[in-house]
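Numbering (my numbering), first residue to last: 50 to 638. Structure record follows, encoded as structure tokens.
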Amino acid sequence: MNLMKPYLMRKTVIVASIALSLVACGGGGDTATTNTTPTPVTPTPIIPAPVIPITPPVSVFATEEANAIKDDATVYAVEDNKVIKANIVTKDGAYTFADVNADIDDSDAIVPEIDAHLVMDNYPDDLKAKNATIRLRGHSSRLADQKSYRVKLAKDIPLWRGEGTLQFNKHPYDLTRVRNKLAFDLFRDIPHIPSLRTQFVQVSIKNLNKTGVEYASADFGLFTHVEKMGKEYLANRGLPTDGNIYKAEDFQFMLDANLTLDGAGAAVNKDNFEKTLSLEADNKNHKKLIEMLTALNDPSTDFDVFFAKYFDKSNYLTWLSTSILMGNRDTVNQNFALYQPKDSDKFYFLPWDYDGALGFEGQPDIKKENNLYSQWQLSASNWWGIPLHKRFLQDPKHLAELKLAVDEVQSKYLTEAKIKAKLDGYKALVSPFIASNPDNQYLPTISVDKSKEWDDEYLRIATIVQANRDTFVNALETPMPFYSAAELLAANEMRLGWDAAVDLQGDSVTYTVQVSTTPDFKAFVKNETTQATEIILPKLTNGVYYLKVIAKDSKGNTQVAFDRTDVAGKVYFGVYGFEVKTDSVVGIN
């Protein structure tokens, strides 16, 4: 997660929304009159308080799907319900296959890529010396022992299933190796959000050096190909190919210097632009994007008018509700895309990357470390730091719409029975690879019995959606997370401050403020409770300190800050680290 840290002590005034369950109140009691003379006095008539109707939310499935996101089952008819085979022969050039595998930093300008020849089931040998190139793909997965690869077909070569880019994903951190495919297969049945083609593939790679001598050739085991979102994606769905598809790399729905455009609307610096949003399809005009972000981040903008202009509510609610139900929490600033048809004001959410979803945080090795997510990341508050989602969620009527969408999507499309049926269909295909090398060797297990641990995790996935739904409902009672910070004032004083923790039910909130010299807070330098959003105290002695603010509503529900501190390899959620110096206070998170 890379949430942007606001400037120190930002003062955003947020009005807490009223409770969704609010029942309109009438005037109560009799109007008292006092007779000072025997003359009868007509009592003042009682005028009841107006009843404010609460409009029931409308089902996302009551609206017609937009053509831009209407899925067609025929798109997926090309897939095979089996593990197909891909044979790749590489040839060293300026780079070697070892260079490709060593490319663990995808942020630099060096991208080792080598020639390749691809043959697959139903994609026969064309007898050419080369028909593709191969490079590494992914972000954090580059650090794993088992790599993922991008194979791009040459321009003069026939497409494979209408696709020119094959994305062979290893999903090395997913014990089951099926989470990503499962998610996209489930999306195909859900209206208002499109899916992507997927295919289990067994990849074998034969490497030749510059003189044609073979080396480091092997069966690399099971991969999942996931369709690339780009012009071919649009063409395969019968959509115009002149739209924009923006894939979030570090995008927080804020204006960003990386997104600077020229007069025609093209990116001034494409490399910088793609640090924020990858241009999977690029018509060289991104003025609508900047227009949308400018309006969103203008507090005077009427949000409902803005949202109706730039977004499709059914698409948005479906994306957000499935993200909540599937537990795809790493979608705050990445792992989603926006499709904007040419000349359209609309931006449609497209799903991406689910190998860290569907209960991944409960996978044995991840659960053992217990450092993946803070409590606020386990429900809708996960998206609270992003302007679009925050403005949507803080409106009671929109929150009611989200609650309805979550319930409907789960009950109609993400039932335990549906998920189990999909998993049952994969098991015979996947289990032989899980039981043999190379995949068995690298499974992220913590027990001696790898087979049982894999079986248990595989079965657990079907129960995750219900658990995520329950967590979502319960967490709505909890105040929203916030940022905290420290700064030096004049007169040898300092301020500890934090944003107000918004309670969506309108409950009052108090704050427990703790300061310690250790991130585990075994001893306190400061420990007090307040209703304010800051405390002023004498400047602390020079040194490193840790601040933890706990928000508590009137019903006893608690929330911690967005902040986190990493010390000696251990993560401390809700903790802000800072160093007091002679003439300054510096955050050390």
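No residue lacks a Cβ here, since even glycine has one placed at the ideal position from N, Cα and C. Just so you know, these numbers come straight off a predicted model, no measurement behind them.
Check whether residue i and residue j have beta carbons under 8 Å apart
i	j	result
H274	L215	yes
G546	S557	no
F611	P530	yes
Y595	S633	no
F302	L338	no
E298	L366	no
V620	N420	yes
D404	H220	yes
E465	Q515	yes
Q251	K134	yes
F269	P487	yes
V124	N307	no
A429	I483	no
E410	K416	yes
Terminal residues of the beta strand (DSSP E) in which residue i lies
i	result
D414	Where D414 is concerned, there is no enclosing beta strand (DSSP E), although the alpha helix (DSSP H) it sits in stretches over P413 to E418.
E263	E263 to V275
K140	I133 to K140
F249	T247 to L257
F622	K619 to F622
K201	Y198 to L202
E113	Run containing E113: none; DSSP gives neither H nor E here.
Inter-residue CB distance, residue i and residue j (contact presumed, cutoff 8 Å)
i	j	result
G626	V593	7 Å
L478	F249	6 Å
L192	I153	6 Å
H241	S363	4 Å
D311	A115	Actually they are not in contact, since the Cβ atoms of D311 and A115 sit about 30 Å apart, beyond 8 Å.
L271	V132	7 Å
A550	A600	4 Å
I294	Y388	5 Å
F521	V458	That belief does not hold up - the Cβ atoms of F521 and V458 are roughly 11 Å apart, past 8 Å.
Y560	T590	Going by Cβ atoms, the distance from Y560 to T590 rounds to 24 Å, so no, they are not a contact pair.
D120	P243	5 Å
Cβ neighbours of residue i in the same chain (closer than 6 Å, five flanking residues each side left out)
i	result
D444	none
K296	S327, E329 and A386
W401	N384, F385 and A386
E577	V562
I206	N180
V72	With a pLDDT of 27 at V72, under the threshold of 50, the modelled position of that residue is not reliable, and no figure is offered here.
K140	D164 and L257
F441	H447
Y475	V227
L245	F233, V275 and E276
E212	E281
P528	A550, D552, V558, A600, D602 and Q608
P568	Y595, T614, V616, Y621 and V624
D504	none
L427	T520
G618	none
Endpoints, alpha helix (DSSP H) assigned at residue i
i	result
F217	Where F217 is concerned, there is no enclosing alpha helix (DSSP H), although the beta strand (DSSP E) it sits in stretches over T214 to N218.
Y125	Looking at the DSSP string, Y125 is not in any alpha helix (DSSP H), and its letter there is neither H nor E.
M500	Just to set this straight, residue 500 is Ser in the shown sequence, not Met. Its alpha helix (DSSP H) spans residues K499 to R509.
V514	I513 to A524
F236	R228 to F236
A344	K336 to L345
D615	No alpha helix (DSSP H) contains D615, which is instead part of the beta strand (DSSP E) from R613 to V616.
Residues near residue i in its chain [Cβ-Cβ closer than 7 Å; skip 5 each side]
i	result
V406	The residue asked about is misnamed: residue 406 is Ala in this sequence, not Val. R228, A232, M375, G376 and N377, listed in sequence order.
Q412	L224 and E506
P94	Confidence in P94 is poor, its pLDDT being 41 and thus under 50, which makes the residue's placement too unreliable to answer from.
D305	T325
K280	T290 and A330
T112	S363
F355	A344 and L345
K604	E526 and D556
S70	Any answer about S70 is weak, because its pLDDT of 30 lies below 50 and its placement is not dependable; what the coordinates show is given next. Result list for S70: empty, nothing under 7 Å.
F146	T139, I163, N256 and A265
Cutoff 8 Å; reference residue i; Cβ partners in own chain excluding five residues on either side
i	result
S156	K324
G142	I163, D164 and K259
R199	I183, R184, L185, R186, T214, L215, Q216 and F217
P87	For P87, the pLDDT reaches just 35, beneath the cut-off of 50, and the residue's location in the model is therefore unreliable, although a value from the coordinates is still provided. Closer than 8 Å at the Cβ level, and outside the excluded window around P87, lies no residue.
T631	N591
Contact test: residue i Cβ vs the ligand COA heavy atom, cutoff 7 Å
i	result
A297	Looking at this structure, you won't find the ligand COA or any other ligand, since it has none at all.
Proximity test, Cβ basis, 8 Å: residue i and chain D
i	result
D504	Absent here is chain D; the protein component of the structure consists of one chain.
Subject >> Ranges of the beta strand (DSSP E) found wholly within the stretch 348 to 427, counting only runs of at least 3 >> reply: 385 to 389 and 397 to 400
**OP:** Kindly provide the ranges of any alpha helix (DSSP H) runs that are 4 or more residues long and lie completely inside the stretch 424 to 489, ordered along the chain.
**Re:** 436 to 442, 445 to 462 and 465 to 483
Original post:
Taking only runs of the beta strand (DSSP E) that begin and end inside the stretch 530 to 593, which ones reach a length of at least 3 residues, in chain order?
Top reply: 533 to 537, 542 to 547, 558 to 565, 575 to 579 and 583 to 587
**OP:** Go through the stretch 140 to 183 residue by residue and report every complete run of the alpha helix (DSSP H) that reaches 4 residues or more, in order.
**Re:** 146 to 150
**OP:** Would you mind listing the beta strand (DSSP E) stretches within the stretch 284 to 308 that are 3+ residues and don't spill past its ends, in chain order?
**Re:** 293 to 297
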